[in-house]
Amino acid sequence: MTLTLHDIKVWNTGEVIDLVVPSDTDASVDASAMTIAPGFEDPHVHFRDPGQTYKESMISGCAAAASGGYTNVLIMPNTVPAMDGVKVEAGQPGASEVLDAEYDTVIDYLQHYEAAHGVKLPVRYDLCVCASKGRAGHEATEVADWIGYLPEHGDEHKDAYQLAHPVTAISDDGSAVTPSILEQVFENVKESGLYLIEHCERHDTGAVNDGPVSRKLGVPGIPEDTELKIVERDIDMSRKTGVHVHFQHVSTAISFDAIRKAKAEGLPITCETAPHYIALNDEALLKYGTLAKMNPPLRSEADRQATIAAVADGTVDLLATDHAPHTMEEKELGFLDAPNGIIGLECAYGVCHKILVDGGFISDERLIELMSTGPAELMGHDKTDITAVLDDYADAVPGDDDTKRVLDLGRVPESDQVDLVVLNTGEEWTVDPEKFHSSARNTPFGGWQVTGRPLATIIGSKLAFSRIDKED
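Take the sequence shown: its letter number 3 is residue 3 in the UniProt record's numbering, and every next letter is one higher.
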């Protein structure tokens, strides 16, 4: 059975083709309003598994990703226990989930999640290992504890799960690498050949951005230079060591200026920002309360505009969601006690399209690059070259203009299977968290009218998710 999409447009060439996708049901659809593009990738998600599956699990998180058009994600290491490569001990919080599945480490458990749970997850995923043991910041992790999980290291007889879900980066995301272990962490990154993902902020107090809003709320503020200090520190370390540093969720004009200068110097520095820093400023706290509380905090309107400018001028290499599920009960605890973070996978494209493309700052093609080819380059993935696949496997549409081609993905060999997203770049829709596939609902974007929506996700040349011709 197949889903046939007639007259769909290729994202970067404008070529109009017919696309045939293996599916569970037969359907033929007028896709003249749709675009086919390489699948989105997100190098910054928290799926809370193991240890906090009441917030999100690998199953619900991957379902959310597929719904949002993502074909590959990078799991952050702030699991419980932490993903540090150390053997899990009985009695640790979250240990039972790992040990009951008969695995020794969180990395083993997540690599073999599908086998342990008897499920097939709808998206691909890589793993990120902690920079410090227990993600506590006191002692750097031992390279020997996790280097065997890299595809090119360790047992040459790795199973299919280990090869499919490798460790590809190092981070203490949620916290910056602490000063006492900084040099050792950079040495570990260099030795392993990975890259450092840095949470570019360090502070001991504060809950929201320091400024008029924090004073109006009576909540301790976080100065913007707490971000800049880590950015400048790690740029200097990159200069000394040659290590690639990727800065997460950058949110201030002064940090973007420092990153621009580092890139102009030719240093191996990349950065991301997130949809919420593009769409919201700290005034959102007055409207949405703790649903708009995150770390780094939402900044001033001047910083929001600087973030958009950094996206438009190419300083920002990619957009990542920092998908961070929490229960609504946790989010109702107040500004001082509520956890930081929001979910974002299922509305990221629509929110970014509304602000960046509808706002005239970038083209839709550039937005796709920021959500697809940019993250893929960071994570070392080969992205689907749709034109190359057409040239190799497409046929002329029978009885039609011989310039129009049809691509039947069922005929593409396994070695060339593709990961794609089907988009309606002009669809206007309302964000409704109650319809999300994520277990969580913590987003300030509920009720927003946005433009542009992923309609289907194709992974390994097969339909992984579709809302085409469905009420969703």
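Beta carbons are placed, not taken as given, at the ideal position from N, Cα and C, and that holds for glycine.
{"Asked": "Quick check on the DSSP output: the beta strand (DSSP E) that includes F436 runs from which residue to which?", "Found": "Neither: F436 is in no beta strand (DSSP E) and is coded neither H nor E."}
{"Asked": "Which of helix, strand or coil does DSSP assign to Q451?", "Found": "Note that residue 451 is Thr in the sequence shown, not Gln. Three-state result, T451: strand."}
{"Asked": "Roughly how many angstroms separate the alpha carbons of residue 483 and K287, rounded to a whole number?", "Found": "What is shown of the chain runs 1 to 472, which leaves residue 483 out entirely."}
{"Asked": "In angstroms, rounded to a whole number, what distance separates the CA positions of F186 and R239?", "Found": "11 Å"}
{"Asked": "Could you check which residue in A440, R260 and Q449 has the C-alpha nearest to that of K354?", "Found": "Q449"}
{"Asked": "So which of C130, K229 and Y277 has the shortest CA-CA distance to A258?", "Found": "K229"}
{"Asked": "Suppose the cutoff is 8 Å on Cβ atoms and the five residues either side in sequence are ignored; what does the same chain contact list for A169 look like?", "Found": "P43, L74, D126, C128, V129, L194, Y195, L196, I197, H246 and M379"}
{"Asked": "Answer yes if the stretch 66-81 comes into contact with the stretch 23-31, meaning at least three C-beta pairs across the two stretches below 8 Å, and no otherwise.", "Found": "no"}
{"Asked": "On the DSSP letters alone, give me the boundaries of the beta strand (DSSP E) that A169 sits inside.", "Found": "V167 to S171"}
{"Asked": "State the beta-bridge partners of C128 as determined by DSSP.", "Found": "A169"}
{"Asked": "Taking all protein chains shown into account, decide if H157 is buried (16 or more other Cβ within 10 angstroms of its Cβ) or exposed.", "Found": "exposed"}
{"Asked": "Check whether the Cβ atoms of G69 and V421 lie closer than 7 Å to each other.", "Found": "yes"}
{"Asked": "Taking one C-beta from the stretch 133-147 and one from the stretch 158-166 each time, how about it: are there three or more such pairs within less than 8 Å?", "Found": "no"}
{"Asked": "Rounded to the nearest angstrom, what separates E346 and K133 at their Cα positions?", "Found": "32 Å"}
{"Asked": "Compute the Euclidean distance between the alpha carbons of L455 and S67, then round it to the nearest angstrom.", "Found": "8 Å"}
{"Asked": "Provide the residue span of the alpha helix (DSSP H) that contains T25, from first to last.", "Found": "Unbroken run through T25: none, as it is neither H nor E."}
{"Asked": "Using only alpha-carbon positions, find the residue among E41, W11, T2 and F40 that is nearest to P22.", "Found": "T2"}
{"Asked": "Pull up the distance between the alpha-carbon of A131 and that of T327, whole angstroms please.", "Found": "27 Å"}
{"Asked": "Grab the span of the beta strand (DSSP E) containing W429 for me, first residue to last.", "Found": "L420 to T430"}
{"Asked": "What distance in whole Å lies between the Cβ atoms of V86 and T52, which are believed to be in contact at a cut-off of 8 Å?", "Found": "Checking the displayed sequence, the identity of residue 52 turns out to be Gln instead of Thr. The pair is not a contact, with the Cβ atoms about 19 Å apart (cut-off 8 Å)."}
{"Asked": "Would you mind working out which of A176, F256 and I368 sits nearest N295, comparing C-alpha positions?", "Found": "A176"}
{"Asked": "Closer than 6 Å to a non-hydrogen atom of the ligand NAD - does that hold for the CB of M34?", "Found": "No copy of the ligand NAD occurs in the structure displayed, which carries no ligand at all."}
{"Asked": "What's the gap between the Cα of V316 and the Cα of E232?", "Found": "16 Å"}
{"Asked": "Could you check if L336 is buried or exposed, using at least 16 other CB atoms within 10 Å of its CB as the buried criterion?", "Found": "exposed"}
{"Asked": "According to DSSP, simplified to helix, strand and coil, what is T13?", "Found": "coil"}
{"Asked": "At which residues does the alpha helix (DSSP H) containing P375 begin and terminate?", "Found": "T373 to M379"}
{"Asked": "If you compare alpha carbons, which of E201, P166, K190 and H165 is closest to P179?", "Found": "E201"}
{"Asked": "Find out if the Cβ-Cβ distance for the pair P275, A348 is shorter than 7 Å.", "Found": "yes"}
{"Asked": "Would you report the Cα separation of Y54 and K293, rounded to the nearest angstrom?", "Found": "20 Å"}
{"Asked": "How big is the Cα-Cα spacing for A394 and P38?", "Found": "17 Å"}
{"Asked": "Evaluate E41 with the Cβ neighbour count: other Cβ atoms within 10 Å of its Cβ, from every protein chain shown; 16 or more gives buried, anything less gives exposed.", "Found": "buried"}
{"Asked": "In its own chain, which residues sit with a C-beta less than 6 Å from the C-beta of Q111, not counting the 5 before and 5 after it?", "Found": "Y161, Q162 and H165"}
{"Asked": "Taking the continuous alpha helix (DSSP H) assigned at H276, which residues delimit it?", "Found": "P275 to A279"}
{"Asked": "Measure from the alpha carbon of S372 to the alpha carbon of each residue in S466, A324, L423 and E265, then state which is nearest.", "Found": "L423"}
{"Asked": "Quick one: what's N209 bridged to in DSSP?", "Found": "I222"}
{"Asked": "Only counting runs of 3 or more residues, tell me where the beta strand (DSSP E) segments fall wholly within the stretch 39-78, in order along the chain.", "Found": "40-45 and 70-75"}
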